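Note that the protein sequences, when read in sequence, are chains A and B. Oh and the first sequence: position 136 is 136 in the working numbering, straight run, nothing missing. Just add 1000 to wherever you are in the second sequence, counting from 1, and you've got the working numbering.
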Amino acid sequence: MLKTLIQKARVKSPWLLHYDCSSCNGCDIEVLACLTPIYDVERFGMINVGNPMHADILLVTGTVNHRNKKVLVNLFDQMPHPRRVIAIGSCALSGGIFREAYNVVGGVNKVIPVDVYVPGCPAKPEAIIDGVILGLKKFSRKRGAEKSCESRSELRQL
Amino acid sequence: MIETVVFILIGLACGPLLGGLVSGLDRILTARLQSRIGPPLWQPFYDVIKLWSKEKTVVNVWQAFCAYCYVAATSIALVLFFLRSDLLLIVFVQAVGAVFLVVGALSSTSPFSQIGAHRELLQMLSYEPLLILVTVGIFLETGSFKIEAVYSWHQPLLMKLPFLFLVLGFVLTVKLRKSPFDLSTSHHAHQELVKGLLTDYAGPCLALVEIGHWYEVVLLLGLCSLFWATNWMGMIAIVFITYFIEILIDNVSARLNWRWMLGYVWSMGLTLSLVNLVWLYVS
Chain A
1 MLKTLIQKAR VKSPWLLHYD CSSCNGCDIE VLACLTPIYD VERFGMINVG
51 NPMHADILLV TGTVNHRNKK VLVNLFDQMP HPRRVIAIGS CALSGGIFRE
101 AYNVVGGVNK VIPVDVYVPG CPAKPEAIID GVILGLKKFS RKRGAEKSCE
151 SRSELRQL
Chain B
1001 MIETVVFILI GLACGPLLGG LVSGLDRILT ARLQSRIGPP LWQPFYDVIK
1051 LWSKEKTVVN VWQAFCAYCY VAATSIALVL FFLRSDLLLI VFVQAVGAVF
1101 LVVGALSSTS PFSQIGAHRE LLQMLSYEPL LILVTVGIFL ETGSFKIEAV
1151 YSWHQPLLMK LPFLFLVLGF VLTVKLRKSP FDLSTSHHAH QELVKGLLTD
1201 YAGPCLALVE IGHWYEVVLL LGLCSLFWAT NWMGMIAIVF ITYFIEILID
1251 NVSARLNWRW MLGYVWSMGL TLSLVNLVWL YVS
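Right, here's the structure in full:
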C-alpha cells in the first residue's frame, strides 16, 4: 500500500527543471506557455523549479554543443533518483537544422539518456504536457529498467 | 495525565494535517486569484510524500541534523501551544527551530544557500522582537503569559489589542514567506536566488523542512486565533479572514529588499506595538 501511495505521489507531483541548450527560444517560450493560465500545468501538480536538487523531470530544449554538454551532464547528475529526461523540439531530438554545424554534438541523447522525445519546431504546449505525462507513466516502470538507463549514462560520460 | 497525552498527540497530528490542508488551500486560492484552476487540495501531501521517497542527498551530516532539530523544535512549540502553556516559552522554542534551519543552510558552501540563510537571519531580526511584544501585550491585558488565561478571559483580545493584531499580521507575512517579505526562499523568483535558504535541502530533508514549516504555520495561525478566543466560531473566523488577507497581499505585492523589510516591519511594527502598549498601560 505504501508503494502505491509513493507511486501515486510521484505521478501527482512532478517538479520540472528547464534547461535551454542554446535553443532559439521558440521551444522555451512554449515551455513557459504551459505555466500560463491557459494551460496551467499546476493543475497536475507540476512546478517549475530552478534547482536540479529539487527536480524530478528535466526538460531540455535546443541543440547540445561542446560548450554546454558539460553543464547538461552536471545538471542531470545533481538530480536525485528517480528522474526523467524529456527532450523538446527538433534541435533537442537530433540537432535539427544545426545538426551539421562544427560545434554541435547532436541530440540530447548523445550526452544523457532521454526518456521521452517531443517533436516540433517549436513543440506545442499541448505536446509538451503530453510528453511530461508520458514521462510520468515511466515512473511506474520496474527498477531494473532504470538501472540499465543509468549505466548507459555513465557510458556516455566516459 | 491522560488529557495531557491526548493534547500532545493532537498537537503532533494537527501540525502536518492542518498545515498541509492550509497550504493546499493557499495554492488553490493563489491560482484562482491568477485566474488559473490550481492543484488539488491534497497537493502538498503528494509533494511531501514524493520528496520523502526520493534519493537521500545531503551536503553534510549537520544539514540533516539541523533539519531534524527544526522539525523537533517546531513540533514541540505547537504541542506546548495545545497544552496551553507559556506564550514566551512557545516563542523561544519556535525561535530555536528557526535558528536550526538557518544553521543547516549555512553548513553548505553554496552561495545561494548562504545568501538565503543571511536573509533569513534578517527576517528573524525583524519579526522576533515583534512576536515578543505581542506576547507582552497579551500579558498586560490578561495578567499572565499562559494561554490558559487567554482562554478564560472575558472578552476577545482584539478589542484591546487591535494594533498588536496588525503587528502579528506583519510577523505572519514574514514567517509564511509571503510577498512582499519573501526574501530568504524566493518562492516566486527562482531566477534571483534559486531557492535561497532551501537550495541545498533536497529529497527527504526538504520534506522534513516542509513539515516543520507546516507546524510553524499552524502555530502562528493558532496565535492569531487567541485574539478572538471567547468562542470557537470567532477563532475559526479570525484565522480564515487573516489567512485570506495574507494570500491577497502575497498576490498583489511585489517583493521588497531587506532594507525595506527591516524599515517597514520595525518602524510600523514597533510604533503600532508601542501605541497599543501605552494605551493598555494608561487604561
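From the three backbone atoms N, C-alpha and C, an ideal C-beta is built for every residue, glycine too. Keep in mind it's a predicted model, so treat the numbers as computed, not measured.
- In this model, B/Leu1157 and B/Gln1123 are separated by some 26 Å (Cα to Cα).
- Think of a sphere of 7 Å around the beta carbon of B/Arg1036: the chain A residues whose beta carbon falls inside it are Pro37, Asp40 and Glu42, in chain order.
- Looking at B/Glu1003, B/Ala1013 and B/Ala1064, the one whose alpha-carbon comes closest to that of B/Val1218 is B/Ala1013.
- Counting only Cβ-Cβ distances below 7 Å, A/Lys12 has contacts in chain B at Tyr1046, in chain order.
- The Cβ-Cβ distance between A/Lys138 and A/Arg83 does not fall below 7 Å.
- Listed in chain order, the positions of the segment 1049 to 1061 of chain B with a beta carbon within less than 7 Å of a beta carbon of chain A are Ile1049, Lys1050, Ser1053, Lys1054, Glu1055 and Thr1057.
- Chain-ordered, the chain A residues with CB closer than 8 Å to the CB of B/Val1194 read Gly50 and Asn51.
- In terms of beta-carbon proximity, B/Ala1207 stays away from the interface with chain A, with every pair separated by 7 Å or more.
- The alpha carbon of B/Val1136 has as its nearest neighbour, out of B/Phe1165, B/Thr1230, B/Pro1111 and B/Ser1126, the alpha carbon of B/Phe1165.
- By a beta-carbon distance limit of 8 Å, A/Cys27 contacts A/Ile88. Their separation comes to about 5 Å.
- Under DSSP, the beta-bridge partners assigned to A/Asn48 are A/Leu16.
- Secondary structure note for A/Ile133: its alpha helix (DSSP H) is the uninterrupted segment Pro125 to Lys137.
- Identification of chain A residues near B/Ala1013 by a Cβ-Cβ cut-off of 8 Å yields none; the smallest Cβ-Cβ distance measures about 18 Å.
- As a beta-bridge residue in DSSP terms, A/Leu58 pairs with A/Leu17 and A/Val85.
- Counting along the chain, no alpha helix (DSSP H) covers A/Tyr117; the unbroken beta strand (DSSP E) around it starts and ends at Val116 to Val118.
- B/Asn1231 sits in coil when the DSSP states are folded into three classes, being neither helix nor strand.
- The three-state secondary structure of B/Lys1146, taken from DSSP, is strand.
- Under the Cβ criterion of 7 Å, B/Gln1094 is not counted among the residues facing chain A.
- Under the three-state reduction of DSSP, B/Val1102 is assigned to helix.
- Neighbours of A/His81 across chain B, judged by C-beta separation under 8 Å: Lys1054 and Glu1055.
- Taking a Cβ-Cβ cut-off of 8 Å, the neighbours of A/Gly45 in chain B comprise Pro1039, Pro1040, Gln1043, Tyr1046 and Asp1047, given in sequence order.
- Within the same chain, Leu1083 come within 8 Å of B/Thr1004 by CB-CB distance, once the 5 residues on both sides are set aside.
- For A/Thr4 and B/Val1275, the gap between their C-alpha atoms comes out near 56 Å.
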